[in-house]
Amino acid sequence: MKRYDAIKKIVESLNDELIVCNLGAPSRELYNIQDREENFYMLGSMGLVSSISFGLAISKPNKKVICIDGDGSLLMNLGSLSSGDQKTYTSHKTNLDVIAKGAGFESIIVIKEIENIVPNLKNLRVGCYFVLIKVDPGNAQVENVPLQPEELKERFMKVISKG
Amino acid sequence: MIADFKLYEEIKKSGINLILSLPCILLKGILNLIDEKKEIQHIPITREEEGIGIAAGAYLGGKTPAILMQNSGLGNSVNAIKSLLQLYKIPVIFIMSHRGAEGEKISAQIPMGQLTPDLLDLLNIPKFIIDSMETIKEVTVAINLSKKSNKSVAILLKRTLWSNVT
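Residue numbers (this note's numbering), protein chains in the order written: chain A, 235 to 397; chain B, -16 to 149.
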């Protein structure tokens, strides 16, 4: 399973969820699969997508917020480990699901098969979930996100204020 | 103690409804008050950048967040200030104890203490100095400017705010 295909499946499972998406290839892929007003694309500040999602979730408790993070950027916010798109810590010994458990997540879902993404995401109820989708390395060949930062912020805030 | 009460009232009055914090000996009183009163949502964090991320998300969701931190953490925050807050024009209020300035006994605080005012200028963040009971009202001035301009602002709390009244 490639990340591009995993994101496609995530998009298939959506209703009106807010998405905060990690910078770089994941944002480009999400934009090209399906741009929505409810998508917020990170353009910089690697590592902070999980923090932004958390801040958003606590300020909109009635909304479902999906944070699409990467293994490297998640580790970057745990400590200062970093990885690129080559051999990552998580391809060797680091188990992010175990880290999430240690950090206090009660509901952890690990998905290895692409057909399990939609049913698992559709099943999520109120609460805080850590969903680990195991994908193969590699980026889809897609274009950059053409939206300007302020335009993106205003679009996102406008759709949030509606509901 | 009186200074902490007055500072707390000013923060509350200004409309801040989410505080992310890192500990500092100078901020102990105000952080205790925030926890005791339970009127403003308070989330302690482990690193300044993380607080900037949470504050940015909360702002997108309609909150008025502030980060209470030591100025030493400003160095940790530079990339997030530029490539998150300023890129999207997301305003966050930084309320910082100004360590490493007059009366500092810990040598490691001094380099960042000296750099802080210049670094804020370089980052294009307006700064407001609170060094006495009379200047506490600057909190509201700073926050009004932030709301009007969509820019982050920094409020520097000097040691004399506490030492002159206790």
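Backbone N, C-alpha and C fix where the C-beta goes; we use that ideal spot for every residue, glycine too.
- Do you know offhand how far S279 (chain A)'s Cα is from L67 (chain B)'s? For this step, residue 279 (chain A) is matched to residue 45 along the first sequence. For this step, residue 67 (chain B) is matched to residue 84 along the second sequence. Cα-Cα distance, rounded: 6 Å.
Under a CB-based cut-off of 8 Å, is L43 (chain B) close to chain A? As a first step, residue 43 (chain B) must be located in the second sequence, where it is residue number 60. Chain A, which has a Cβ nearer than 8 Å to the Cβ of L43 (chain B), makes this yes.
Within the segment 17 to 45 of chain B, note down every full beta strand (DSSP E) run reaching 3 residues or more, in order along the chain.
24 to 27
What separation, rounded to the nearest whole angstrom, lies between the Cα atoms of P27 (chain B) and I286 (chain A)? The residue you call residue 27 (chain B) lines up with position 44 of the second sequence. The residue you call residue 286 (chain A) lines up with position 52 of the first sequence. In a straight line, the C-alpha of P27 (chain B) is about 15 Å away from that of I286 (chain A).
Query raised in the report: So, does the CB of N378 (chain A) fall closer than 8 Å to a CB anywhere in chain B?
Result: Here residue 378 (chain A) refers to the residue found at position 144 of the first sequence. So no, N378 (chain A) is outside the interface.
query: Which chain A residues are close to K46 (chain B), counting only those with a beta carbon under 9 Å from its beta carbon?
result: For this step, residue 46 (chain B) is matched to residue 63 along the second sequence. Simply G289, I292 and S293.
**Request:** In angstroms with no decimal places, state the Cα-to-Cα distance between V245 (chain A) and V393 (chain A).
**Result:** Residue 245 (chain A) sits at position 11 when you count from the first residue of the first sequence. Residue 393 (chain A) sits at position 159 when you count from the first residue of the first sequence. Near 17 Å, if we compare the C-alpha coordinates of V393 (chain A) and V245 (chain A).
### Message
Below 8 Å, how does it come out for the segment 36 to 44 of chain B and the segment 10 to 19 of chain B: are there three or more Cβ pairs, yes or no?
### Response
no
Figure out for me which residue from A:F274, A:Y363, A:G336 and A:P260 has the closest Cα to the Cα of E388 (chain A). Position 154 of the first sequence, counted from the first residue, corresponds to residue 388 (chain A). Ranking the options by Cα distance to E388 (chain A), first place goes to A:F274.
- Query: Applying a beta-carbon distance threshold of less than 7 Å, which residues of chain A neighbour S146 (chain B)?
  - Reply: Within the second sequence, the letter at position 163 stands for residue 146 (chain B). None at all; the shortest Cβ gap to chain A is about 34 Å.
| message | Contact defined as beta carbons within less than 8 Å: I believe R237 (chain A) pairs with V379 (chain A). What is the distance between those atoms, to the nearest angstrom? | response | For the purposes of this step, residue 237 (chain A) is identified with residue 3 of the first sequence, where counting begins at 1. For the purposes of this step, residue 379 (chain A) is identified with residue 145 of the first sequence, where counting begins at 1. About 16 Å; that fails the 8 Å criterion.
| At what residues does the beta strand (DSSP E) containing N273 (chain A) begin and finish? | The count along the first sequence starts at 1 and reaches residue 273 (chain A) at position 39. Counting along the chain, the beta strand (DSSP E) containing N273 (chain A) begins and ends at N273 to Y275.
- DSSP three-state assignment for L51 (chain B), whether helix, strand or coil: Walking along the second sequence from the start, residue 51 (chain B) turns up at place 68. Residue state, collapsed to three classes: strand.
| query | Among B:P74, B:G44 and B:I(-6), which residue has its Cα nearest to the Cα of S135 (chain B)? | reply | Your numbering for residue 135 (chain B) matches position 152 in the second sequence. When each option's Cα is compared against that of S135 (chain B), the closest is B:P74.
- Task: Mind listing the chain B neighbours of G361 (chain A)? Cutoff is C-beta to C-beta under 7 Å, in chain order.
- Result: In the first sequence, counting from the first residue as 1, residue 361 (chain A) sits at position 127. Neighbours of G361 (chain A) on chain B: none; closest Cβ ~18 Å, over 7 Å.
Compare the Cα-Cα distances from K110 (chain B) to each of B:P94, B:M116 and B:N127 and report the closest residue. Residue mapping note: residue 110 (chain B) aligns to position 127 of the second sequence, counting from 1. Answer by Cα proximity: B:N127.
**Message:** I want to verify the contact list: residues of chain A whose CB lies under 8 Å from the CB of K21 (chain B), in sequence order.
**Reply:** In the second sequence, counting from the first residue as 1, residue 21 (chain B) sits at position 38. Those within 8 Å of K21 (chain B) in chain A number zero; the least Cβ separation is about 15 Å.
Consider the Cβ of I(-1) (chain B): report whether some Cβ of chain A lies at a distance smaller than 8 Å.
-> Taking the first residue of the second sequence as position 1, residue -1 (chain B) is located at position 16. Chain A, which has no Cβ nearer than 8 Å to the Cβ of I(-1) (chain B), makes this no.
ask   = Thinking C-alpha only, which one of B:N133, B:L70 and B:F77 is nearest L277 (chain A)?
value = Working through the first sequence from its first residue, we reach residue 277 (chain A) at position 43. Selected option, being the one with the closest Cα: B:L70.
Confirm, please, whether the CB-CB distance from I253 (chain A) to E272 (chain A) is below 8 Å. Taking the first residue of the first sequence as position 1, residue 272 (chain A) is located at position 38. Taking the first residue of the first sequence as position 1, residue 253 (chain A) is located at position 19. Yes; because the gap between Cβ atoms is below 8 Å, this pair is in contact.
Practice item. At 9 Å on the CB atoms, spell out the chain B contacts of I343 (chain A), in chain order. Key: Numbered from its first residue, the first sequence carries residue 343 (chain A) at position 109. Simply none; closest approach about 22 Å.
Checklist entry - Taking 8 Å as the CB-CB limit, is S307 (chain A) close to chain B? => result On the first sequence, position 73 is the one that residue 307 (chain A) refers to. With 8 Å as the cut-off, S307 (chain A) does not count as an interface residue toward chain B.
Point to revise | Run of the alpha helix (DSSP H) containing A125 (chain B), from where it starts to where it stops | key: Within the second sequence, residue 125 (chain B) is the residue found at index 142, counting from 1. First-last of the alpha helix (DSSP H) with A125 (chain B): E121 to S132.
Inset, instruction - May I have the straight-line CA-CA distance separating C255 (chain A) from I300 (chain A), to the nearest angstrom? - result: Taking the first sequence and counting its residues from 1, the one referred to as residue 255 (chain A) is at position 21. Taking the first sequence and counting its residues from 1, the one referred to as residue 300 (chain A) is at position 66. Spanning the two alpha carbons is a distance of roughly 8 Å.
Leaving out five residues on either side along the sequence, give the residues of the same chain with a beta carbon under 7 Å from the beta carbon of H25 (chain B).
One-based indexing of the second sequence puts residue 25 (chain B) at position 42. Only I2, S4, I17 and D18 meet the Cβ criterion.
* Please classify I(-15) (chain B): does DSSP put it in a helix, a strand, or coil? => Position 2 of the second sequence holds residue -15 (chain B). Three-state DSSP puts I(-15) (chain B) in a helix.
Open item on the list: At the level of alpha carbons, what is the spacing between Q320 (chain A) and V376 (chain A)?
Closed with: In the first sequence, residue 320 (chain A) corresponds to position 86, counting from 1. In the first sequence, residue 376 (chain A) corresponds to position 142, counting from 1. Per-residue confidence for Q320 (chain A) stands at a pLDDT of 37, beneath the threshold of 50, marking its modelled position as unreliable; the derived number appears in the next sentence. For Q320 (chain A) and V376 (chain A), the distance between alpha carbons rounds to 19 Å.
| message | Would you say G397 (chain A) lies against chain B (beta-carbon separation less than 8 Å)? | response | In the first sequence, the residue the question calls residue 397 (chain A) occupies position 163. Judged by the 8 Å Cβ criterion, G397 (chain A) is not in contact with chain B.
Worksheet entry | Where A137 (chain B) sits in the DSSP three-state scheme | Against the second sequence, residue 137 (chain B) aligns to sequence position 154. DSSP places A137 (chain B) in strand when its eight states are reduced to three.
Along the chain, where does the alpha helix (DSSP H) that runs through K243 (chain A) open and close? Taking the first sequence and counting its residues from 1, the one referred to as residue 243 (chain A) is at position 9. Where K243 (chain A) is concerned, the enclosing alpha helix (DSSP H) stretches over R237 to E246.
Proximity winner among B:L9, B:K72, B:I(-6) and B:E33, relative to T143 (chain B) (alpha-carbon distances)
Indexing the second sequence from 1 puts residue 143 (chain B) at position 160. Cα-wise, what sits closest to T143 (chain B) is B:L9.
CB of E384 (chain A) within 8 Å of CB of K72 (chain B), strictly
Taking the first residue of the first sequence as 1, we reach residue 384 (chain A) at position 150. Taking the first residue of the second sequence as 1, we reach residue 72 (chain B) at position 89. Their beta carbons are under 8 Å apart, which means E384 (chain A) touches K72 (chain B) by this criterion.
In the DSSP assignment, the beta strand (DSSP E) including I113 (chain B) goes from what residue to what residue? Numbered from its first residue, the second sequence carries residue 113 (chain B) at position 130. Where I113 (chain B) is concerned, the enclosing beta strand (DSSP E) stretches over K110 to I113.
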